[in-house]
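Student: Next up is a structure, given as structure tokens.
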Amino acid sequence: MSDEKNYGIETYTPTRPALQSRATSQLEKATISHVEHTGPINRIDPAALHDDTLMVGERSEKLTSFVLMLSFVAAVSGFCFGYDTGVISAALVSIKDDFGHILADQEKEWISTATSCGALVGALSSGSMADKIGRKWVLAVGDVWFTIGAIIICASYSVPQMIVGRAVLGLGVGTAAAIAPLYIAEVAPTRFRGALVTIQSLAITGGQFVSYCIGIPLTGHNGWRIQFGIGIAPALVQAVAIHYMPESPRYDLLRGNREAALSTIQRSYRGMSEDYIAVKFAALEEVVGISAEFTRQNNLKARLRLLLSEGKYRKPAITALGIGIFQQLCGFNSLMYYAATIFSMAGFDNPTAVGLIVSGTNWFFTFVAMFLLDRVGKRRILLSTYPGMIAGLALAAVAFWQMTGETGHRLVEGAVYPKQWSNMMLGMMVVFIAFYATGSGNITWTVGEVFPLEMRGIGSSVLAGGVWAANILISATFLTLMNAIGPTPTFALYAGICLAGLIFIYFCYPEPSGLSLEEIQIIYNYGFGVAKSREIRREHKLRQEGRQDAPMGASASPSDEQVGKV
Numbered sequence: 001m002s003d004e005k006n007y008g009i010e011t012y013t014p015t016r017p018a019l020q021s022r023a024t025s026q027l028e029k030a031t032i033s034h035v036e037h038t039g040p041i042n043r044i045d046p047a048a049l050h051d052d053t054l055m056v057g058e059r060s061e062k063l064t065s066f067v068l069m070l071s072f073v074a075a076v077s078g079f080c081f082g083y084d085t086g087v088i089s090a091a092l093v094s095i096k097d098d099f100g101h102i103l104a105d106q107e108k109e110w111i112s113t114a115t116s117c118g119a120l121v122g123a124l125s126s127g128s129m130a131d132k133i134g135r136k137w138v139l140a141v142g143d144v145w146f147t148i149g150a151i152i153i154c155a156s157y158s159v160p161q162m163i164v165g166r167a168v169l170g171l172g173v174g175t176a177a178a179i180a181p182l183y184i185a186e187v188a189p190t191r192f193r194g195a196l197v198t199i200q201s202l203a204i205t206g207g208q209f210v211s212y213c214i215g216i217p218l219t220g221h222n223g224w225r226i227q228f229g230i231g232i233a234p235a236l237v238q239a240v241a242i243h244y245m246p247e248s249p250r251y252d253l254l255r256g257n258r259e260a261a262l263s264t265i266q267r268s269y270r271g272m273s274e275d276y277i278a279v280k281f282a283a284l285e286e287v288v289g290i291s292a293e294f295t296r297q298n299n300l301k302a303r304l305r306l307l308l309s310e311g312k313y314r315k316p317a318i319t320a321l322g323i324g325i326f327q328q329l330c331g332f333n334s335l336m337y338y339a340a341t342i343f344s345m346a347g348f349d350n351p352t353a354v355g356l357i358v359s360g361t362n363w364f365f366t367f368v369a370m371f372l373l374d375r376v377g378k379r380r381i382l383l384s385t386y387p388g389m390i391a392g393l394a395l396a397a398v399a400f401w402q403m404t405g406e407t408g409h410r411l412v413e414g415a416v417y418p419k420q421w422s423n424m425m426l427g428m429m430v431v432f433i434a435f436y437a438t439g440s441g442n443i444t445w446t447v448g449e450v451f452p453l454e455m456r457g458i459g460s461s462v463l464a465g466g467v468w469a470a471n472i473l474i475s476a477t478f479l480t481l482m483n484a485i486g487p488t489p490t491f492a493l494y495a496g497i498c499l500a501g502l503i504f505i506y507f508c509y510p511e512p513s514g515l516s517l518e519e520i521q522i523i524y525n526y527g528f529g530v531a532k533s534r535e536i537r538r539e540h541k542l543r544q545e546g547r548q549d550a551p552m553g554a555s556a557s558p559s560d561e562q563v564g565k566v
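Just so you know, we're using the UniProt record's numbering here: the sequence shown kicks off at 1 and counts up by one.
Structure representation (structure tokens):
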């Protein structure tokens with residue numbers, strides 16, 4: 001390689017075997033490349049990650065139809081997740097007295113929170129399951145939960161039955177939240193990873209939007225049963241499609257299935273040179289080998305202990321949990337679960353249709369985020385959108401204060417409120433959601449990428465568990481807070497939480513865009529990696545510019561002399 005920085009790592013270079021003049025296959029070529037680039041035996045900074053061919057090639061990767069297909073099939077889990085969390089907003093309004101009485105606010109909170117409780121269990125259990133049976137089969141398990149939960153709800157004739165069904169649905173939601181983005185990230189080319197994981201977010205917000213659309217005409221007697229029943233269809237479609245999907249190449253390598261892993265990489269990187277695919281495979285195999293050895297030496301309990309005690313694991317966990325928890329505590333899900341209830345109390349004639357504005361804004365700006373994430377950078381987007389979220393929530397609090405002056409600063413069912421203030425409240429919620437969907441709403445589902453491979457399954461599980469624990473707190477307290485302290489202090493509280501989140505992001509969230517999953521492992525050896533991420537990204541840019549300025553015919557591969565200098 002070159003004689004550039006090797007990130008301060010002392011390395012040992014053994015004698016390098018001579019390369020054959022021609023590899024007879026890409027698997028053989030990758031094997032030779034693996035030997036070629038494992039000179040410095042170092043767990044902290046695998047040498048293959050600094051190969052010029054790899055670092056420059058990642059900038060010219062192409063998006064293949066194969067990768068898109070895998071991402072869309074995996075994202076069906078996200079659609080089920082979004083549909084089954086969004087459908088409750090219209091259902092809570094349309095249930096009316098179908099259980100023999102009008103639902104009390106506490107019963108509404110129990111029904112909403114049951115899904116979050118199930119999702120917490122599903123998220124915590126799915127990570128270790130993904131390391132045992134594979135990513136795609138855990139998605140199939142989630143489809144089973146989605147189907148069983150919907151059947152229980154459709155057959156419910158009491159609040160406890162409804163709560164049980166929602167909890168079972170939650171098992172599927174938690175599984176989808178933890179594993180779908182993990183699978184997509186592991187099959188995605190580095191250059192497109194952020195955008196492809198955003199497909200999961202598009203599916204989630206799309207599912208929420210569809211649930212609101214379906215909820216508008218199904219507001220009559222027992223219409224909510226049809227709403228939940230419709231959610232079975234996408235789960236069954238994905239359960240069939242999963243049988244034709246390959247496993248993540250990282251999981252295949254962990255299980256020693258090199259041929260299957262290479263086959264998936266070849267199809268994922270179709271159009272790239274054989275040299276690049278061989279080096280990419282070698283880099284992945286090197287990191288996976290280190291991870292496999294680590295897993296053999298540490299059982300689940302030991303890995304959980306390391307997650308808490310070892311800085312290189314603890315710091316990514318703090319980053320991921322912080323991003324996820326602040327996303328939940330900002331108050332968005334209180335709008336998603338209770339939008340129709342809020343707008344009904346605020347005097348809007350068709351609260352479910354008004355809620356569609358909220359859901360539609362969320363979906364539209366998720367599309368915007370898809371095109372911005374890897375171009376602008378995830379950290380920069382979060383630092384830019386959090387102030388907009390704070391402003392939207394603060395101004396919504398002001399609108400609520402002016403709107404509810406004659407009702408003791410409480411929302412009262414049946415009261416008539418000034419249109420200018422209720423419209424301002426709705427407008428500021430739209431502003432908040434626009435900034436939320438562009439940043440936090442999408443980036444949270446990509447943040448599992450900060451975990452090292454050996455911790456990625458359990459790390460993604462812990463992340464999703466933290467997210468759903470915070471979600472439980474929000475969904476179980478929102479209506480209680482609105483009744484106890486009023487809407488103005490409630491939304492002001494959410495604005496304050498967003499301010500704390502902005503400070504956390506500035507100090508603890510490094511920029512992962514443009515870095516491979518393996519490079520992200522390196523940066524947490526340097527604090528929270530904010531400065532180191534910037535340094536590696538700058539080095540990528542300089543190498544790309546140097547490669548573009550190189551004379552025609554110059555070798556794209558490092559010389560033997562250069563490799564020996566590492």
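The C-beta atom is built at its ideal place from N, Cα and C for all residues, glycine as well. Note that the coordinates shown come from a computational prediction; the quantities given were computed from them, not determined experimentally.
Can you confirm whether the stretch 112 to 122 touches the stretch 463 to 471 when touching is taken to mean that 3 or more C-beta pairs between the two stretches lie within less than 8 Å?
Tutor: Because the criterion of three Cβ pairs below 8 Å is met, the stretch 463 to 471 and the stretch 112 to 122 touch.
Student: Quick one: what's got a C-beta closer than 7 Å to Glu406's C-beta in the same chain, skipping five residues either side?
Tutor: Sequence index remark: in the sequence shown, residue 406 carries index 406 (1-based). Result list for Glu406: empty, nothing under 7 Å.
Student: With DSSP collapsed to three states, give me the class of Glu247.
Tutor: Reading the sequence shown from its first residue, position 247 is the one you call residue 247. In the structure shown, Glu247 sits in coil (DSSP, three-state: anything other than H, G, I, E or B).
Student: If the criterion is Cβ atoms closer than 8 Å, does the pair Ser513 and Gly324 meet it?
Tutor: By one-based count along the sequence shown, residue 513 stands at place 513. By one-based count along the sequence shown, residue 324 stands at place 324. Their beta carbons are not under 8 Å apart, which means Ser513 does not touch Gly324 by this criterion.
Student: Taking the alpha carbon of Leu304 as the point to measure from, which residue in Leu202, Met428, Ser128, Arg380 has its own alpha carbon closest?
Tutor: The residue given as residue 304 occupies position 304 in the sequence shown. Minimum Cα distance to Leu304 is reached at Ser128.
Student: Quick check: the stretch 227 to 240 against the stretch 69 to 77, are there 3 or more CB pairs under 8 Å?
Tutor: Touching, yes.
Student: Give the straight-line distance between the Cα atoms of Ala399 and Phe209, rounded to the nearest whole angstrom.
Tutor: Taking the first residue of the sequence shown as 1, we reach residue 399 at position 399. Taking the first residue of the sequence shown as 1, we reach residue 209 at position 209. Taking the straight line joining both Cα atoms gives about 26 Å.
Student: Straight-line CA distance for Gly392 to Phe332?
Tutor: What you label residue 392 is simply residue 392 of the sequence shown in a count that begins at 1. What you label residue 332 is simply residue 332 of the sequence shown in a count that begins at 1. Approximately 12 Å between the Cα atoms of the pair.
Student: Starting from the Cα of Val288, find the closest Cα among Ala90, Tyr524, Leu300, Pro452 and give me that residue.
Tutor: Locating residue 288 in the sequence shown gives position 288, where the first residue counts as 1. Taking only the C-alpha atoms, the option nearest Val288 is Pro452.
Student: Could you pull out every unbroken beta strand (DSSP E) segment of at least 3 residues lying fully inside the stretch 70 to 133, listed in chain order?
Tutor: Whole beta strand (DSSP E) segments, 3+ residues: zero.
Student: Under 6 Å Cβ to Cβ from Ala437, same chain only, skipping five residues before and after it: list those, please.
Tutor: In the sequence shown, the residue the question calls residue 437 occupies position 437. Cβ within range, chain order: Asn362, Phe365, Thr366.
Student: Determine the DSSP secondary structure at Gly215, reduced to helix, strand or coil.
Tutor: Position 215 of the sequence shown, counted from the start, is the residue given in the question as residue 215. Helix.
Student: Cα separation between Glu107 and Lys96?
Tutor: Position 107 of the sequence shown holds residue 107. Position 96 of the sequence shown holds residue 96. Rounded to whole angstroms, Glu107 to Lys96 spans 12 Å at the Cα level.
Student: Return the CA-CA distance between Ile472 and Ser273, expressed in angstroms with no decimal places.
Tutor: The residue given as residue 472 occupies position 472 in the sequence shown. The residue given as residue 273 occupies position 273 in the sequence shown. Those two C-alpha atoms are separated by around 48 Å.
Student: May I have a chain-ordered list of the alpha helix (DSSP H) segments no shorter than 4 residues that lie completely inside the stretch 497 to 543?
Tutor: Correct list: 517 to 523.
Student: Measuring only the C-alpha atoms, how far is Glu519 from Leu169?
Tutor: Counting from one through the sequence shown, the residue named residue 519 turns up at place 519. Counting from one through the sequence shown, the residue named residue 169 turns up at place 169. Using only the alpha carbons, I get a separation of about 36 Å.
Student: By alpha-carbon positions, which one of Phe79, Asp105, Gln328 ends up nearest to Ala180?
Tutor: Position 180 of the sequence shown, counted from the first residue, corresponds to residue 180. Closest option to Ala180, Cα to Cα, is Phe79.
Student: Let me know the secondary structure DSSP gives Ala415 once reduced to three states.
Tutor: For the purposes of this step, residue 415 is identified with residue 415 of the sequence shown, where counting begins at 1. Residue state, collapsed to three classes: coil.
Student: Would you list, in sequence order, the uninterrupted alpha helix (DSSP H) runs of no fewer than 4 residues that lie entirely inside the stretch 149 to 220?
Tutor: List check, alpha helix (DSSP H) in window: 159 to 187, 193 to 215.
Student: Distance check for Ala177 and Leu307, CA to CA, integer angstroms please.
Tutor: In the sequence shown, residue 307 corresponds to position 307, counting from 1. In the sequence shown, residue 177 corresponds to position 177, counting from 1. Cα-Cα distance, rounded: 20 Å.
Student: Does Glu511 pass the burial test, meaning 16 or more other C-beta atoms within 10 Å, or should it be called exposed?
Tutor: To locate residue 511, count along the sequence shown from 1; it is residue 511. Glu511 comes out buried.
Student: Can you tell me the Cα-Cα spacing of Arg191 and Leu68, whole angstroms?
Tutor: What you label residue 191 is simply residue 191 of the sequence shown in a count that begins at 1. What you label residue 68 is simply residue 68 of the sequence shown in a count that begins at 1. Roughly 14 Å between the two C-alpha positions.
Student: At what residues does the alpha helix (DSSP H) containing Glu285 begin and finish?
Tutor: Along the sequence shown, read from residue 1 onward, the residue named residue 285 stands at position 285. First-last of the alpha helix (DSSP H) with Glu285: 274 to 297.
Student: Out of curiosity, what's the CA-to-CA distance linking Gly149 and Gly165?
Tutor: Position 149 of the sequence shown, counted from the start, is the residue given in the question as residue 149. Position 165 of the sequence shown, counted from the start, is the residue given in the question as residue 165. Near 5 Å, if we compare the C-alpha coordinates of Gly165 and Gly149.
Student: Does DSSP classify Arg255 as helix, strand or coil?
Tutor: As a first step, residue 255 must be located in the sequence shown, where it is residue number 255. Coil.
Student: Entirely within the stretch 300 to 353 and at least 4 residues each: give me those alpha helix (DSSP H) ranges in chain order.
Tutor: The qualifying runs are 300 to 309, 311 to 329, 332 to 345.
Student: Could you check the C-alpha separation between Gly459 and Phe432 for me, to the nearest Å?
Tutor: If you number the sequence shown from 1, residue 459 lands on position 459. If you number the sequence shown from 1, residue 432 lands on position 432. Whole-angstrom Cα-Cα distance: 29 Å.
Student: With distances taken from CA atoms, which of Val197, Trp421, Glu259 is nearest Ala282?
Tutor: In the sequence shown, the residue the question calls residue 282 occupies position 282. When each option's Cα is compared against that of Ala282, the closest is Glu259.
Student: Are the Cβ atoms of Thr404 and Pro487 separated by less than 8 Å?
Tutor: The residue you call residue 404 lines up with position 404 of the sequence shown. The residue you call residue 487 lines up with position 487 of the sequence shown. Yes, Cβ-Cβ distance for Thr404 and Pro487 is below 8 Å.
Student: Could you tell me if Leu262 is buried or exposed, where buried requires 16 or more neighbouring beta carbons within 10 angstroms of its beta carbon?
Tutor: Sequence index remark: in the sequence shown, residue 262 carries index 262 (1-based). With 16 or more other Cβ atoms within 10 Å, it is buried.
Student: Can you grab the Cα-Cα spacing for the pair Ala394 / Asp105, in whole Å?
Tutor: Taking the first residue of the sequence shown as 1, we reach residue 394 at position 394. Taking the first residue of the sequence shown as 1, we reach residue 105 at position 105. Answer to the nearest angstrom: the Cα atoms are 25 Å apart.
Student: What are the start and end residues of the alpha helix (DSSP H) that includes Thr64?
Tutor: For the purposes of this step, residue 64 is identified with residue 64 of the sequence shown, where counting begins at 1. Here Thr64 belongs to no alpha helix (DSSP H), and DSSP marks it neither H nor E.
Student: In terms of residue numbering, what span does the alpha helix (DSSP H) encompassing residue 569 cover?
Tutor: The chain is shown only over 1 to 566; residue 569 falls outside these bounds and no answer can be derived.
Student: Would the beta-carbon of Phe228 fall within 8 Å of that of Cys154?
Tutor: For the purposes of this step, residue 228 is taken as the residue at position 228 of the sequence shown. For the purposes of this step, residue 154 is taken as the residue at position 154 of the sequence shown. It is a contact, given that the beta carbons lie within the stated cut-off.
Student: List the endpoints of the continuous alpha helix (DSSP H) containing Pro234.
Tutor: In the sequence shown, the residue the question calls residue 234 occupies position 234. From DSSP, the alpha helix (DSSP H) with Pro234 extends over 232 to 241.
Student: Taking buried to mean at least 16 other C-beta atoms within 10 Å of its own C-beta, is Ala484 buried or exposed?
Tutor: The sequence position of residue 484 within the sequence shown is 484, counting from 1. Burial call: exposed.
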